[in-house]
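Trainee: The following block contains the structure, expressed as C-alpha coordinates.
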Amino acid sequence: MKRLIDLIKNKFFLVTLAFVIWMIFFDKNDLFSQYEYHQQLNKLKEEQVFYQTETAKVNKDLDELTSDKAKLEKFAREKYLMKKDNEDIFVIVHEKKK
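Using UniProt numbering, read the sequence shown as starting at 1 and increasing by one per residue.
Okay, structure coming up:
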(Lines of atoms letter the chains of each structure in order from A; the text may use other names.)
(Lines give C-alpha, C1' and ligand atoms only; values in the text may rest on other atoms or scores of the structure.)
Protein backbone atom coordinates (compact mmCIF):
# COMPACT_ATOMS: atom_id res chain seq x y z
CA MET A 1 0.00 0.00 0.00
CA LYS A 2 2.82 2.37 0.90
CA ARG A 3 4.53 1.57 -2.40
CA LEU A 4 1.34 2.51 -4.30
CA ILE A 5 1.05 5.82 -2.43
CA ASP A 6 4.72 6.58 -3.12
CA LEU A 7 4.16 5.79 -6.79
CA ILE A 8 1.15 8.12 -6.98
CA LYS A 9 3.13 10.94 -5.31
CA ASN A 10 6.01 10.54 -7.77
CA LYS A 11 5.88 13.49 -10.18
CA PHE A 12 7.62 11.57 -12.99
CA PHE A 13 5.01 8.81 -12.76
CA LEU A 14 2.18 11.36 -12.81
CA VAL A 15 3.63 13.18 -15.82
CA THR A 16 4.13 9.89 -17.67
CA LEU A 17 0.61 8.75 -16.80
CA ALA A 18 -0.84 12.08 -17.96
CA PHE A 19 1.15 11.83 -21.19
CA VAL A 20 -0.06 8.29 -21.87
CA ILE A 21 -3.68 9.22 -21.16
CA TRP A 22 -3.36 12.26 -23.41
CA MET A 23 -1.90 10.18 -26.26
CA ILE A 24 -4.52 7.44 -25.94
CA PHE A 25 -7.66 9.58 -25.64
CA PHE A 26 -7.13 13.26 -26.51
CA ASP A 27 -4.45 13.53 -29.19
CA LYS A 28 -5.45 13.90 -32.83
CA ASN A 29 -3.89 10.46 -33.42
CA ASP A 30 -5.66 8.73 -30.54
CA LEU A 31 -6.58 5.04 -30.56
CA PHE A 32 -10.07 5.62 -31.99
CA SER A 33 -8.66 7.65 -34.88
CA GLN A 34 -6.01 5.03 -35.55
CA TYR A 35 -8.68 2.34 -35.69
CA GLU A 36 -10.76 4.39 -38.14
CA TYR A 37 -7.67 5.05 -40.31
CA HIS A 38 -6.90 1.34 -40.31
CA GLN A 39 -10.46 0.49 -41.39
CA GLN A 40 -10.36 3.14 -44.10
CA LEU A 41 -7.01 1.83 -45.34
CA ASN A 42 -8.39 -1.72 -45.59
CA LYS A 43 -11.41 -0.46 -47.52
CA LEU A 44 -9.20 1.49 -49.92
CA LYS A 45 -6.98 -1.55 -50.48
CA GLU A 46 -10.04 -3.62 -51.36
CA GLU A 47 -11.20 -0.91 -53.76
CA GLN A 48 -7.72 -0.78 -55.30
CA VAL A 49 -7.79 -4.53 -55.99
CA PHE A 50 -11.31 -4.25 -57.44
CA TYR A 51 -10.39 -1.39 -59.75
CA GLN A 52 -7.18 -3.08 -60.86
CA THR A 53 -9.11 -6.20 -61.90
CA GLU A 54 -11.76 -4.10 -63.63
CA THR A 55 -9.06 -2.14 -65.47
CA ALA A 56 -7.44 -5.39 -66.59
CA LYS A 57 -10.80 -6.65 -67.91
CA VAL A 58 -11.48 -3.41 -69.77
CA ASN A 59 -7.99 -3.39 -71.27
CA LYS A 60 -8.47 -6.99 -72.40
CA ASP A 61 -11.81 -6.13 -73.99
CA LEU A 62 -10.29 -3.08 -75.66
CA ASP A 63 -7.47 -5.14 -77.13
CA GLU A 64 -9.94 -7.71 -78.45
CA LEU A 65 -12.23 -5.06 -79.93
CA THR A 66 -9.45 -3.17 -81.66
CA SER A 67 -7.82 -6.31 -83.08
CA ASP A 68 -10.79 -8.38 -84.30
CA LYS A 69 -13.61 -6.95 -86.41
CA ALA A 70 -15.92 -9.92 -85.68
CA LYS A 71 -15.62 -9.39 -81.93
CA LEU A 72 -16.27 -5.68 -82.39
CA GLU A 73 -19.43 -6.45 -84.33
CA LYS A 74 -20.56 -8.98 -81.69
CA PHE A 75 -19.90 -6.44 -78.92
CA ALA A 76 -21.91 -3.75 -80.71
CA ARG A 77 -24.82 -6.13 -81.25
CA GLU A 78 -24.92 -7.37 -77.64
CA LYS A 79 -24.21 -4.19 -75.72
CA TYR A 80 -25.78 -1.50 -77.89
CA LEU A 81 -28.37 -3.55 -79.83
CA MET A 82 -26.94 -2.40 -83.15
CA LYS A 83 -28.00 -4.20 -86.31
CA LYS A 84 -27.55 -4.28 -90.02
CA ASP A 85 -30.22 -2.71 -92.24
CA ASN A 86 -31.77 -6.02 -93.26
CA GLU A 87 -31.92 -7.54 -89.74
CA ASP A 88 -34.45 -7.56 -86.92
CA ILE A 89 -33.51 -7.70 -83.24
CA PHE A 90 -35.40 -9.69 -80.64
CA VAL A 91 -34.52 -9.09 -77.01
CA ILE A 92 -35.34 -11.98 -74.69
CA VAL A 93 -35.62 -11.09 -71.02
CA HIS A 94 -35.53 -13.95 -68.54
CA GLU A 95 -37.56 -13.42 -65.38
CA LYS A 96 -35.85 -14.13 -62.09
CA LYS A 97 -37.37 -16.86 -59.97
CA LYS A 98 -38.38 -15.77 -56.49
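Using N, Cα and C, we set each Cβ at its ideal position, and we do this for glycine too.
Which whole-angstrom value is the C-beta distance of F75 and L65, which I expect to be below 8 Å?
Mentor: Yes, F75 and L65 are in contact; Cβ-Cβ is about 6 Å, under 8 Å.
Trainee: Straight-line CA distance for Y35 to I8?
Mentor: 31 Å
Trainee: Do you know offhand how far V58's Cα is from D68's?
Mentor: About 15 Å.
Trainee: Anyone know if the C-beta pair for I24 and L14 falls short of 8 Å?
Mentor: no
Trainee: Please report the straight-line C-alpha distance between R3 and L44, rounded to a whole angstrom.
Mentor: 49 Å
Trainee: Below 8 Å between beta carbons: does that hold for R77 and K83?
Mentor: yes
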